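Okay, structure first, notes after.
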Amino acid sequence: MLVDLQGPWSPLLGRLALSQIPYENHILAPLFVVVVILGLAIIAAISYFGKWGYLWREWLTTVDHKKIGIMYILIGLVMLFRGFMDALMIRTQQAMAVGPDAPGYLGALHGYLAPYHFGQIYSAHGVIMILLAATPLLVGIMNVIVPLQIGARDMAYPYLNALGLWVTAAAAALVMVSLFVGDFSHNGWFGIAPIFELSYSPGVGVDYWMWVMQLTALGSTLGSINILATVVKMRAPGMTWLRLPIFTWAAVASNIIALTSFPALTVALALIGFDRYLGTHFFTAGLGGNLMLYTNLFWIWGHPEVYFVILPAFGMISEIIPTFSEKPLFGYVTMVLATFGIAGASWAVWLHHFFTMGAGPAVNSFFSVATMLVGIPTGVKVFNWAFTMYRGRLRFETAMLWAVGAVFLLLLGGLTGMMLAIPAINYMVHNSVFVIAHFHQMLLVIVYAIFGAVTYWWPKVFGFKLNEAWGKAVFWLFTAGSVLVFVPMFTLGFMGMTRRLDYVFNTQWQPLLDIQVLGIAVYSLSVLAFVGMLYVSIRDHAKNQVSVDAWGTARSLEWMTPSPVPFYNFAVVPHINARDEWAWRKEHGFTDLRPDHYEDIHMPKNTGIPLILGALMFLLGFGLTWRIWWLCALSLALIIALVIIRSFDSDTGYTIPADEVERMERGHHERARAVDLPAAGVLGGAIAYGQADPAVKGQGAALGGGMTSPEGSRV
Amino acid sequence: MDMWRKKLAHWVRYLALAPVLLLNGCSTSHFWLFDPKGPMANADLYYMVIDVAVMLTIVGITTLMIIWFLWRYRKSRGKGTYDPKWSHSNAIEVVVWGIPIIAVAFLSYYAIEGTYALNPYDPTVIKEHTVAGDDPLEVDVITTDWRWLFIYPKYHIASVNELVVPAHTPVYFRLTSSSVVNDFFIPQLVGMIDVMPGMRTKSALLANHVGEYQGFSADYSGAGFSWMQFRTKVVSAEQFQQWTQQIQASPRQLSYAAFNEFAKPYIDVSGKPEYFSGVQDGLFDHVLGEVMNGKVWPLPMAMTENMVDYMKEQNARTSTRTSN
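Chains as they are written, first to last, in this note's numbering: chain A, 430 to 1144; chain B, -13 to 310.
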């Protein structure tokens, strides 16, 4: 051992010992029993219905970007729930632990969570919500939608895509295991230097946190390479850059951010690793270490990461609002410029996360102004959404409600963000719950966009719509919960309350903390309503089936594929004629999606290797956390061996013959007829464009059939 | 009819005050940020008012505009004309870029001005309020795990969990930590500044009103963080002199050796003040130097898994220490 560790260590089990299992904990032990029972029930159900083969062939080994996206979203939803449970505990603890007379339970002096547990809970809440809920949800939606929007059959690297998924799953598994084996970090999601050093965090919590972060960093980097390569190289013919759907633009911008910023995180975490495992002094206070270095390095990644998650959300809003306004997005070019303006500014604002660290006024001024510059493109986006609705015909279906809600939240987030950008104000509210309320507003923009996007694209992926009434119930309950939690939180910020308090010393804050608990209760109802919505929608799915263009007024390429989308996406790769291709085709009468002739389709083969690599990475992370060196060496050797073996496998694809494609396509069209829906678009005559333009119509068949792009057509 | 309207207007005026009632009838003093007691906190509030006024104008108008669009252009019964092709207007583009640019330019001026006015190392706000002949007070602040130690080098005294300063006198702080990072924060007097181990930051305050104000650590520093509060007593100059003499008579002395014992992890649930006389010369710099040379006061594993047990153990530990 290169460093002195507190507690025992053995070569076989490392630091792991029976005493590390918190079986005496009154919250975790029952939870563990529930998890085991649920797990056994799921295993029993799969065995009973004989679905193991199906699960292995269709999901666990798949390289289909849509299925990978769905699994990302599933991980995201499960972790969103876990993060919500953490939030529930934070809020109830703070409301119970106000003032020196507040009673204590379960070993806590006040409330029911001792500092040791409270610290872990808010740290896990942050890590989970940002890296294992928001990110997988967004990456999942990008995974499903981006290839469809650019007319590709899959990602550029389908195998890498599956690998990214399973690495993320390994990270999620590691953070869940930390619940029941050992403890989690208690020094915040971003790591507060130098608390993560061995002197102040002698347990395994920080190691869990570090390896969870490292795994998600790896997963996100792989994913960003893939999406960028896909958009650059795999666009359908005619899909010029300025015809790219706006969500795809957002995906490009956000993945450029991810690709360039995640290495900074990897380095920062690796240096913590050196400190904790090798006894170096990168971020210690003494012996030449510099804790400010860590804070800088972390936020050089951390702030771009914030925009990595918000830009796709902006992209989703930009897709939903035009569809339900029944008109094109206002100022497309400006919107693209604004997206890249935000992305560009994201690299130059990191210091605003620590204005109080004592940098000189010149430095603080620079970062203050740089931060406010972000407000310009963001403001432009809000105005553009507003003018998209102007002269439209607005339909307030659930997806639109979420999108409009996100715009209002963004306005409030912008107002408070501009306050925080000014150091003079920031000195008063930095580390206060005002900041917490502000960034939760911004993350709620993302959550609203995600719920909107899930509602919006659900029929494309599954072939039926989600129940509207239940969806609206989820929206209003969620909104009520947000108001009840975050308005009091902003208010508490003005009253001077700061963050991460396990014990709240000022009794005047009690009423507002109680209102927040009420808000959390309403949030819980919205969770139930969400489950209810899924249940009712799946139960009635036969009634709610849709054809290609589920909303009738959608505009982009993905709405030209059958719903649900076949695994090869497009039977024939379409030729793109306009910016809003599907809207253009509806306008010109090319809504018949049957091509003249079919071609052979080359598709990637399924592979179980990414799943095995993910499992090995989980073992590696677990071994490193507990310092079980033989496990680390073994899993690392296997990872390297598997990667090398796989690289010699040249038989990674297969071909579907043209007649087979034709047979399957005919099936889709027949199914569309069977549910009494037109094969294409125009549900309820929502599009009011006149007769097709005969001049253009004469040029060729609708889908792909060699139709050239008429120069000067509307782009 | 006119009477009615007048009565209604009368009531509406009171209704506008309803939100204030919702703030459970408390005085503004519950809103520490809106109730500054010195020029530093006052300046913070001044810049907040400017920023909120500018931003609220823009955000408010935009919000109303969007609500109007939502109403006017709703598909069911909306009165707006539907123009399915309209997606561009140079005039609107100029406006939507122009408004944020002008707002940001305007606010940038105040942002920079405020950063210099409140620069914790040399706040011009305090200089403006200092008159010739003012004798500023110097206080050295050290945070440990998890207590506040305020050293008054000129008087060779120190206090724990209690900061006593004279009113109308500039107070200059030097701050460092013996363990991890804390944030020095007295909402009604001065904004936050990080207190870091192996490093020295500065801050300053000037209190205009005699009284007692809450100070506390604003940055998470571990198990005892939630109990890291200190009372800030602003007293008259005479009272301050009396206080220093009183503390100078206190029996406990603070050498570096005593500090070494004091800095061991201790959760100060009671928050009772303690006082030291005979504080070693240059104690602050000595602690700073030791920490830079790698001195740490490490924490035991899983120290507050059960807080009640931990407190019993800590009480036992500290009582044996004092009896020795």
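By construction, the Cβ of each residue, glycine as well, lies at the ideal position given by its N, Cα and C atoms. Computed from a prediction, not measured in an experiment: that's the story for all the values here.
Counting only runs of 3+ residues, no beta strand (DSSP E) is found wholly inside the stretch 559 to 626 of chain A.
For ILE253 of chain B, the three-state secondary structure derived from DSSP is coil. Only exposed fits ARG238 of chain B, as fewer than 16 other CB atoms lie within 10 angstroms of its CB. Under a criterion of Cβ atoms nearer than 9 angstroms, the residues of chain B adjacent to GLY760 of chain A are, in order, SER73, HIS74, SER75, ILE78, GLU79 and VAL82.
By the CB criterion at 8 angstroms, HIS539 of chain A and TYR856 of chain A fall outside the cutoff. Counting only unbroken stretches of 3 or more residues, the beta strand (DSSP E) elements lying wholly within the stretch 57 to 136 of chain B are 123 to 129, in sequence order. DSSP assignment within the stretch 180 to 268 of chain B yields the following whole alpha helix (DSSP H) runs of 4 residues or more, N-terminal first: 223 to 234 and 242 to 248. Taking the Cβ atoms as the reference, TRP640 of chain A lies roughly 14 angstroms from SER552 of chain A, outside the contact range of under 8 angstroms. With a minimum length of 3 residues, there is no unbroken run of beta strand (DSSP E) contained wholly in the stretch 766 to 814 of chain A. Contact between LEU906 of chain A and ALA958 of chain A holds, with the beta-carbon distance rounding to 5 angstroms and staying under 8 angstroms.
Under the Cβ distance rule, GLU291 of chain B counts among the residues neighbouring chain A, one pair being separated by less than 8 angstroms. For LEU707 of chain A, same chain residues with a beta-carbon under 8 angstroms away, outside a window of 5 residues either side, are LEU431 and VAL432 in chain order. Residue contact check for TRP18 of chain B against chain A: a CB pair falls below 8 angstroms.
Taken in chain order, the complete alpha helix (DSSP H) segments of 4 or more residues contained in the stretch 904 to 990 of chain A are 939 to 968. SER985 of chain A sits close to GLN578 of chain A, with the two beta carbons spaced by under 8 angstroms. Counting only the Cα atoms, GLY808 of chain A lies some 46 angstroms from LEU467 of chain A. Contact between PRO1039 of chain A and ALA591 of chain A holds, with the beta-carbon distance rounding to 4 angstroms and staying under 8 angstroms.
Taking a cut-off of 8 angstroms on C-beta distances, the stretch 1049 to 1064 of chain A touches the stretch 594 to 608 of chain A, as three or more cross pairs fall below it. For ALA543 of chain A, the chain B residues whose C-beta falls within less than 7 angstroms of its own C-beta are THR290, GLU291, ASN292 and MET293, listed in chain order. The beta strand (DSSP E) runs of length 3 or more contained entirely in the stretch 1048 to 1092 of chain A are, from start to end of the chain, 1082 to 1085. Shown here, PHE712 of chain A sits in coil according to DSSP, grouped into three states, outside any helix or strand.
Closest in alpha carbon position to PRO86 of chain B, among A:GLU826, A:MET847, A:ALA832 and A:GLY834, is A:MET847.
Within chain B, SER212 and TRP213 have C-beta atoms less than 8 angstroms from the C-beta of TYR932 of chain A, given in sequence order. Remark: fewer than three beta-carbon pairs, one from each stretch, lie closer than 8 angstroms, so the stretch 681 to 696 of chain A and the stretch 745 to 762 of chain A are not flagged as touching.
Around the CB of TYR206 of chain B, 16 or more other CB atoms lie within 10 Å, so the residue is classed as buried. At least one CB of chain B lies nearer than 8 angstroms to the CB of GLY925 of chain A.
Closest in alpha carbon position to VAL633 of chain A, among A:THR650, A:SER649, A:ALA646 and A:PHE609, is A:PHE609. For ILE233 of chain B, the closest of B:GLY264, B:PHE216 and B:LYS71 by C-alpha to C-alpha distance is B:GLY264. Among the CB atoms of chain A, one or more fall inside 8 angstroms of the CB of SER94 of chain B. Under the criterion of beta carbons closer than 8 angstroms, GLY715 of chain A and GLY280 of chain B qualify as touching, at roughly 4 angstroms. Assignment of beta-bridge partners to ASN168 of chain B by DSSP yields B:VAL181. Neighbourhood of SER165 of chain B in chain A, by CB distance below 8 angstroms: TYR629, in chain order. Beta bridge pairing from DSSP links PRO440 of chain A with no other residue. If you check each beta-carbon in the stretch 936 to 954 of chain A against every beta-carbon of chain B, the ones closer than 8 angstroms belong to GLN937 and PRO940. The three-state secondary structure of ARG1095 of chain A, taken from DSSP, is helix. In the structure shown, the three-state DSSP call for MET1032 of chain A is strand.
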